[in-house]
Amino acid sequence: MKKGDIVGKTTEDGDNLKARVNWIMEKEAAITYLSPESWVGGHAIVPTNDWTVLIEAAPSYQSTVASMTDDQLQS
């Protein structure tokens, strides 16, 4: 899970939630709800392991560089 991903979860009540990830810190993510309609625009900080990535966002420059070795960065 990373910033910009679209994630989903089904609640105990059977609601299918969909949200966009705003940021990740350790094992928590800040999200903005996209559906259902009654949840749209709401925000929450949630455990990352409770949600499934539905659509991956394009990698950002920062996330790409973070996984590079020193040799790759110097070339």
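Everything in the sequence shown is counted per this note's numbering, starting at 575 for the first residue and increasing by one. From the three backbone atoms N, C-alpha and C, an ideal C-beta is built for every residue, glycine too. Quick caveat: nothing in here was measured; it's all calculated off a predicted structure.
Item to check | beta strand (DSSP E) runs wholly inside the region 583-610, at least 3 long, in chain order | outcome: Counting only runs that start and end inside the region 583-610, the beta strand (DSSP E) elements of at least 3 residues fall at 590-599 and 602-609.
Checklist entry - Does the beta-carbon of Trp625 have 16 or more other beta-carbons within 10 angstroms, so that it is buried, or is it exposed? => result With 16 or more other CB atoms across the displayed protein chains lying within 10 angstroms of its CB, Trp625 is buried.
Checklist entry - Nearest-angstrom Cα distance between Lys601 and Met575? => result 10 Å
Next on the checklist: Quick check: Asn596 and Thr585, are their CB atoms within less than 8 Å of each other?
Outcome noted: Against a cut-off of 8 Å, the Cβ pair of Thr585 and Asn596 comes out as no contact.
Checklist entry - Roughly how many angstroms separate the alpha carbons of Val581 and Asp645, rounded to a whole number? => result 34 Å
Checklist entry - How would you call Leu647, buried or exposed, if buried means at least 16 neighbouring beta carbons within 10 angstroms? => result exposed
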